[in-house]
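Reading through the structure tokens given below for one structure.
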Amino acid sequence: MSQGSPGDWAPQDPTPGPPAPPNPFVHELHLSRLQRVKFCLLGALLAPIRVLLAFIVLFLLWPFAWLQVAGLTEEQLQEPITGWRKTVCHNGVLGLSRLLFFLLGFLRIRVRGQRASRLQAPVLVAAPHSTFFDPIVLLPCDLPKVVSRAENLSVPVIGALLRFNQAILVSRHDPASRRRVVEEVRRRATSGGKWPQVLFFPEGTCSNKKALLKFKPGAFIAGVPVQPVLIRYPNSLDTTSWAWRGPGVLKVLWLTASQPCSIVDVEFLPVYQPSLEESKDPTLYANNVQKVMAQALGIPATECEFVGSLPMIVVGRLKVALEPQLWELGKVLRKAGLSPGCVDTGAEPSRSRMIGQEEFARQLQLSDPQTVAGAFSYFQQDAKGLVDFRDVALALAALDGGRNLEELTRLAFELFAEEQAEGPGRLLYRDGFSTILHLLLGSPRPAATTLHAELCQEAPSQGLSLCQFQNFSLHDPLYGKLFSTYLCPTHTPRGTSQIPNATSPGSPTALANGTMQAPKQKDD
1 MSQGSPGDWA
11 PQDPTPGPPA
21 PPNPFVHELH
31 LSRLQRVKFC
41 LLGALLAPIR
51 VLLAFIVLFL
61 LWPFAWLQVA
71 GLTEEQLQEP
81 ITGWRKTVCH
91 NGVLGLSRLL
101 FFLLGFLRIR
111 VRGQRASRLQ
121 APVLVAAPHS
131 TFFDPIVLLP
141 CDLPKVVSRA
151 ENLSVPVIGA
161 LLRFNQAILV
171 SRHDPASRRR
181 VVEEVRRRAT
191 SGGKWPQVLF
201 FPEGTCSNKK
211 ALLKFKPGAF
221 IAGVPVQPVL
231 IRYPNSLDTT
241 SWAWRGPGVL
251 KVLWLTASQP
261 CSIVDVEFLP
271 VYQPSLEESK
281 DPTLYANNVQ
291 KVMAQALGIP
301 ATECEFVGSL
311 PMIVVGRLKV
321 ALEPQLWELG
331 KVLRKAGLSP
341 GCVDTGAEPS
351 RSRMIGQEEF
361 ARQLQLSDPQ
371 TVAGAFSYFQ
381 QDAKGLVDFR
391 DVALALAALD
401 GGRNLEELTR
411 LAFELFAEEQ
421 AEGPGRLLYR
431 DGFSTILHLL
441 LGSPRPAATT
451 LHAELCQEAP
461 SQGLSLCQFQ
471 NFSLHDPLYG
481 KLFSTYLCPT
491 HTPRGTSQIP
501 NATSPGSPTA
511 LANGTMQAPK
521 QKDD
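Under the UniProt record's numbering, the residue at position 129 of the sequence shown is numbered 129, and the numbers go up by one with no gaps.
Pasting the structure below:
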């Protein structure tokens with residue numbers, strides 16, 4: 001991803017940098033009055049009929065999907081299905097699937113380029129992944145195998161289609177499942193054309209098509225050639241995008257079914273042959289394929305991704321949460337009627353004090369068990385289910401809004417800095433630094449640890465002094481604006497616990513779009 005610069009965030013800077021990459025997690029659909037009237041009419045007349053017929057076809061798919069695997073043992077399903085089952089059921093599902101999308105309004109699927117054979121490219125990678133309509137790409141690819149969550153097997157009809165597809169299933173709750181998936185992908189990809197192609201959406205989640213999310217390495221682990229497949233929806237109005245923040249499932253389905261005609265472009269790019277270095281390094285391989293696809297699409301290749309359930313944007317060399325959990329904690333506490341400034345935390349500097357839920361509730365003066373459990377879950381717990389009270393103290397201080405940035409960063413340093421092993425004074429080491437950035441900005445700890453190492457390159461002690469930490473968090477032209485954007489203490493009356501909104505001006509969303517002007521600090 002092209003790195004940010006001061007000019008990205010503050011257009012008033014006399015030295016503008018390159019334009020910031022668009023935020024791929026937010027999709028805003030703006031309709032004119034005429035378009036609203038049109039969708040009201042077509043939504044009342046056309047959409048109900050289309051959706052009803054599409055669901056009928058969806059259920060008609062079930063007998064063909066069931067017939068292909070009926071009577072086969074698990075051992076037999078470990079090999080590709082052939083014979084009459086393959087011919088009859090495959091063609092039946094392929095034809096009905098095309099009819100299903102046709103009924104939903106996708107009257108045209110325009111194909112460009114040539115799909116490679118399974119010997120030339122055992123793996124297909126499709127992007128950008130922007131909607132639940134993207135499985136339409138399976139049709140011109142002749143229904144390749146897919147990777148899906150094991151939990152989807154219990155979904156009516158969808159589970160039957162996954163069994164029909166002989167999909168590779170991964171469980172998010174079983175770490176061993178991921179290893180088995182890697183082995184299965186490698187086994188099929190290196191079968192010499194015995195297995196059909198495997199199709200991946202390497203972004204792993206949906207975006208708004210304005211930038212490519214970071215590719216996950218799963219599709220590239222086998223080190224075999226892959227064929228990139230581009231998906232475009234060249235319609236006058238984008239009703240299909242289903243991003244993290246934007247129209248929900250029903251609205252996207254209804255609006256798309258209300259369109260007279262929706263078009264999908266599927267483009268097969270030339271097969272990407274990995275170098276020896278790429279075949280040994282799946283992450284490098286994934287990054288290079290992402291760049292090729294982004295260039296063909298004419299959009300940026302970013303390192304934005306989901307970490308857990310939180311979308312991450314990239315600022316300089318640091319990943320930060322689009323909406324840190326600190327903000328959610330603030331909402332929980334406000335809902336409970338708690339003012340963070342009224343809590344006497346009494347946390348001791350540089351000394352860890354582990355507390356459980358009961359003491360946490362007593363310190364925060366919370367009585368509702370559900371609220372206590374919800375607030376407690378925002379903090380990292382050790383093996384005994386305890387949290388460090390310094391984490392709680394810093395979070396409450398940030399939510400209080402009664403301190404300016406200089407006071408807040410000084411408090412953070414005092415809480416987590418440690419005495420030097422040799423020499424006077426205290427320094428902020430890796431663990432304390434990553435804890436502060438994780439609490440205040442939602443940064444993943446590995447990313448914060450890497451940044452700490454870079455900041456300490458010129459310091460033989462491998463720790464940051466208070467002056468160095470405040471130079472980073474207050475005066476750095478990039479990260480200083482990041483802290484002021486996320487914490488905004490000078491705009492918050494004491495005790496009100498005002499938290500920015502991800503879609504408001506001066507928010508991370510505006511920040512990622514390059515439209516944010518950083519709030520001024522008192523000493524500016």
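We treat Cβ as the ideally placed atom computed from N, Cα and C, and that holds for glycine.
No experiment lies behind these values; they were computed from the predicted model shown.
Legend entry - Limits of the alpha helix (DSSP H) - the one that Gln35 falls within: Indexing the sequence shown from 1 puts residue 35 at position 35. Per DSSP, Gln35 belongs to the alpha helix (DSSP H) from 33-69.
Inset, instruction - Go to Pro311, then tell me how far its beta strand (DSSP E) extends in each direction, as first and last residue. - result: On the sequence shown, residue 311 is found 311 positions in, with the first residue counted as 1. Counting along the chain, the beta strand (DSSP E) containing Pro311 begins and ends at 310-315.
Legend entry - Min CB distance Arg188 to chain D below 8 Å: Of the chains in the structure shown, none is chain D; there is only one protein chain.
Legend entry - Val282 vs Ala121 beta-carbon contact at 8 Å: Counting from one through the sequence shown, the residue named residue 282 turns up at place 282. Counting from one through the sequence shown, the residue named residue 121 turns up at place 121. Per the sequence shown, residue 282 should be read as Pro rather than Val. Cβ distance not < 8 Å, so Pro282 and Ala121 don't count as in contact.
Legend entry - Bounding residues of the alpha helix (DSSP H) (the contiguous stretch that carries Leu253): Locating residue 253 in the sequence shown gives position 253, counting from the first residue. For Leu253, the enclosing alpha helix (DSSP H) begins and ends at 249-258.
Inset, instruction - Would you kindly work out how many angstroms separate the C-alpha atoms of Phe59 and Val157, rounded to a whole number? - result: As a first step, residue 59 must be located in the sequence shown, where it is residue number 59. As a first step, residue 157 must be located in the sequence shown, where it is residue number 157. Each residue's Cα considered, the two are about 7 Å apart.
Inset, instruction - Identify the continuous alpha helix (DSSP H) that holds Ala453 and give its terminal residues. - result: By 1-based counting over the sequence shown, the position of residue 453 is 453. Per DSSP, Ala453 belongs to the alpha helix (DSSP H) from 445-455.
Legend entry - Any alpha helix (DSSP H) of 4 or more consecutive residues that is wholly inside the UniProt domain "Phospholipid/glycerol acyltransferase" (123-234): 158-165, 175-189
Legend entry - Within 8 Å, strictly: CB atoms of Phe133 and Thr205: Within the sequence shown, numbered from 1, the residue matching residue 133 stands at position 133. Within the sequence shown, numbered from 1, the residue matching residue 205 stands at position 205. Taking 8 Å as the Cβ cut-off, Phe133 and Thr205 do not qualify as a contacting pair.
Inset, instruction - Tell me Ala321's beta-bridge partners as DSSP assigns them. - result: Within the sequence shown, residue 321 is the residue found at index 321, counting from 1. Beta-bridge pairing links Ala321 to Met312.
Inset, instruction - May I have the straight-line CA-CA distance separating Gly105 from Leu42, to the nearest angstrom? - result: As a position in the sequence shown, residue 105 is number 105, starting the count at 1. As a position in the sequence shown, residue 42 is number 42, starting the count at 1. Cα-Cα distance, rounded: 12 Å.
Inset, instruction - For the alpha helix (DSSP H) containing Ile81, list its first residue and its last residue. - result: Translated into positions along the sequence shown, residue 81 becomes position 81. Neither: Ile81 is in no alpha helix (DSSP H) and is coded neither H nor E.
Legend entry - Phe379 (DSSP reduced to helix, strand or coil): Along the sequence shown, read from residue 1 onward, the residue named residue 379 stands at position 379. Residue state, collapsed to three classes: coil.
Legend entry - CB contact flag (Leu124, Leu199, <8 Å): The sequence position of residue 124 within the sequence shown is 124, counting from 1. The sequence position of residue 199 within the sequence shown is 199, counting from 1. Closer than 8 Å, so yes.
Inset, instruction - Take Ile56 as the anchor and find which of His129, Leu45, Leu100 has the nearest alpha-carbon. - result: Residue numbering aside, residue 56 sits at position 56 when the sequence shown is read from its first letter. Out of His129, Leu45, Leu100, Leu100 has the C-alpha closest to the C-alpha of Ile56.
Inset, instruction - Could you have a look at Arg403 and say whether DSSP puts it in helix, strand or coil? - result: Mapped onto the sequence shown, residue 403 falls at position 403. Three-state DSSP puts Arg403 in coil, outside helix and strand.
Inset, instruction - Thinking Pro202 and Lys216 are a contact (beta carbons under 8 Å), I'd like their distance in whole angstroms, please. - result: Stepping through the sequence shown from its first residue, residue 202 is reached at position 202. Stepping through the sequence shown from its first residue, residue 216 is reached at position 216. Confirmed, about 6 Å.
Inset, instruction - Whole angstroms is fine: what's the gap from Val264's alpha carbon to Phe389's? - result: Locating residue 264 in the sequence shown gives position 264, where the first residue counts as 1. Locating residue 389 in the sequence shown gives position 389, where the first residue counts as 1. The straight-line gap from Cα to Cα measures roughly 53 Å.
Inset, instruction - With Leu276 as the anchor, note down where its alpha helix (DSSP H) starts and where it stops. - result: By 1-based counting over the sequence shown, the position of residue 276 is 276. Note, Leu276: alpha helix (DSSP H), 276-280.
Inset, instruction - Mark Ile436 as exposed unless 16 or more other C-beta atoms lie within 10 angstroms of its C-beta, in which case mark it buried. - result: Within the sequence shown, numbered from 1, the residue matching residue 436 stands at position 436. By the 10 Å Cβ count, Ile436 comes out buried.
Legend entry - Paired residues, beta bridge with Met354 - DSSP: Counting from 1 along the sequence shown, the entry for residue 354 is found at position 354. DSSP, once it has assigned bridges, lists Asp388 as partnering Met354.
Inset, instruction - Just the C-alpha distance for Trp244 and Gln420, rounded to the nearest angstrom, thanks. - result: Taking the sequence shown and counting its residues from 1, the one referred to as residue 244 is at position 244. Taking the sequence shown and counting its residues from 1, the one referred to as residue 420 is at position 420. Answer to the nearest angstrom: the Cα atoms are 44 Å apart.
Inset, instruction - Report the three-state DSSP secondary structure of His491 (helix, strand or coil). - result: The count along the sequence shown starts at 1 and reaches residue 491 at position 491. Model confidence at His491 stands at a pLDDT of 40, short of 50, so the residue's coordinates are unreliable; what they give is reported in the following sentence. His491: helix per DSSP, three-state reduction.
Inset, instruction - Determine, using beta carbons only, whether Leu46 and Ser236 come nearer to each other than 8 Å. - result: For the purposes of this step, residue 46 is identified with residue 46 of the sequence shown, where counting begins at 1. For the purposes of this step, residue 236 is identified with residue 236 of the sequence shown, where counting begins at 1. Going by C-beta atoms, Leu46 is not nearer than 8 Å to Ser236.
Legend entry - Nearest candidate by alpha-carbon position, reference Arg149, set Asn287, Ile168, Leu139, Leu405: Translated into positions along the sequence shown, residue 149 becomes position 149. Checking every option, the nearest Cα to that of Arg149 belongs to Ile168.
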